[in-house]
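Contents: one structure, followed by commentary.
Numbering (my numbering), first residue to last: 86 to 427.
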């Protein structure tokens, strides 16, 4: 891939973000930056500003801070230290012709600081990999917009390539399957749940090409017309994982978690499904959270702890979370491969 003066390729790995600490002020600051993003809370700016600053940040921050305190480790936020560890390992894998930087869409280390690092290295090209397997305007799209906004101010703009989705990449699927097999070797599971971060239905419909989206059977196959539909990608990831693990179609459910507000979000809701499963006599569930590649509040706490408690309270006996990819060697290899392919 060498060209130009240095031949060096810059790599920008980006994840969503995390508070600097589980304190209420830091959590409130994080929530404000996150929810004031027009791609995340896609309502009129005045309404967004009043809702976030007048309602969500003041009242949600104390509750969220308690949850983040459960997640925090001696190294801090898992989303942050797993990202930094991944950066180091991918750098070692790719070698001296690449320079790998890591940034967060919200809070620190910032995308701006990571890009400045690459600019300082005088790279010939930049490969941007938002660490979200399924494309959504509120995640990958927001990262892409921020990168373009910042780089547009540079005097010299290098070639830039975005990796927009890897929902069915063999390495991504293979790593999750490998982690899941470790649990499946120890126990037989009655059912499997693939739980994804939810989105408002309106965001899915807005992204639809010429009204193709039906929020239904249109996601039964994955092709050019729904390639960037978040819902279709979630179903595609689930199909590929089920295939890799030999899970029959009637033995798994695709669900959505983490909804906010009163507007309809993607269904079915994970917390509803797990209660239905328990009521139907399902006793043992292996749960995946394949919208995330690093353990975080939504995986460790929401799926791993809160859903486990709800399932058991509803009559279930065993709920096991499949850990995220974090810095699994197969995942490090996959990230390096995706960068080289780009």
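Ideal Cβ positions, reconstructed from N, Cα and C, are used throughout, including at glycine.
Cross-strand partners of residue i (DSSP beta bridge)
i, result
"residue 135", "In the DSSP output, where bridge partners are listed per residue, residue 135 has none listed."
"residue 244", "210"
"residue 276", "370"
"residue 342", "282"
"residue 161", "158"
"residue 256", "Per DSSP, none; premise fails for residue 256."
"residue 187", "98"
"residue 403", "369"
"residue 337", "277"
"residue 195", "189"
"residue 215", "99"
"residue 350", "285"
For residue i, the nearest candidate out of the options (CA to CA)
i, options, result
"residue 300", "289, 306, 307 and 308", "289"
"residue 98", "373, 391, 194 and 182", "194"
"residue 364", "398, 375 and 372", "398"
"residue 242", "209, 139, 174 and 412", "209"
"residue 202", "94, 324, 269 and 133", "94"
"residue 334", "321, 343, 205 and 346", "321"
"residue 376", "369, 280, 395 and 317", "280"
"residue 146", "237, 380 and 112", "112"
"residue 324", "154, 120, 166 and 258", "258"
"residue 346", "140, 356, 167 and 105", "140"
"residue 137", "216, 408, 117 and 332", "117"
"residue 148", "109, 387 and 119", "109"
"residue 163", "379, 406, 387 and 427", "379"
"residue 215", "205, 252 and 207", "252"
"residue 238", "275, 270, 206 and 200", "200"
"residue 329", "133, 134 and 256", "256"
"residue 274", "331, 205 and 291", "331"
Residue i, buried or exposed, once every other Cβ within 10 Å from all chains shown has been counted against 16
i, result
"residue 233", "exposed"
"residue 131", "exposed"
"residue 266", "exposed"
"residue 272", "exposed"
"residue 348", "exposed"
"residue 308", "exposed"
"residue 340", "buried"
"residue 311", "buried"
"residue 240", "exposed"
"residue 144", "exposed"
"residue 151", "exposed"
"residue 393", "buried"
"residue 407", "buried"
"residue 355", "buried"
"residue 357", "exposed"
"residue 224", "buried"
CB contact below 8 Å: residue i versus chain C
i, result
"residue 295", "Absent from the structure: chain C. Only one protein chain is present."
Assumed close pair residue i, residue j - CB separation to whole angstroms, cut-off 8 Å
i, j, result
"residue 226", "residue 124", "6 Å"
"residue 423", "residue 248", "6 Å"
"residue 404", "residue 372", "6 Å"
"residue 318", "residue 384", "Between residue 384 and residue 318 the Cβ distance is about 18 Å, and since that is not below 8 Å, they are no contact."
"residue 154", "residue 107", "4 Å"
"residue 212", "residue 427", "5 Å"
"residue 282", "residue 342", "6 Å"
"residue 303", "residue 297", "6 Å"
Sequence-distant residues of its chain with Cβ nearer than 6 Å to residue i (five each side left out)
i, result
"residue 313", "220"
"residue 89", "A caution first: residue 89 carries a pLDDT of 46, below 50, which makes its placement in the model unreliable, though a value can still be read off. Contacts found: 209."
"residue 101", "190"
"residue 254", "none"
"residue 337", "277 and 327"
"residue 157", "107"
"residue 374", "280, 384 and 388"
Cβ neighbours of residue i in the same chain (closer than 7 Å, five flanking residues each side left out)
i, result
"residue 366", "none"
"residue 260", "410, 413, 415, 416 and 419"
"residue 185", "96, 98, 172, 175, 176 and 179"
"residue 294", "310"
"residue 286", "300, 349, 350 and 351"
"residue 315", "219, 220, 221, 284 and 289"
"residue 263", "415"
"residue 127", "288"
"residue 142", "113, 116 and 117"
"residue 165", "103"
"residue 382", "152, 153 and 156"
Spatial neighbours of residue i in its chain, beta-carbon cut-off 8 Å, leaving aside the 5 residues before and after
i, result
"residue 196", "97, 99, 188, 189, 190, 228, 231, 232 and 235"
"residue 401", "359, 362, 363, 367, 368, 369 and 370"
"residue 170", "411 and 412"
"residue 168", "98, 100, 187, 189, 216 and 379"
"residue 390", "155"
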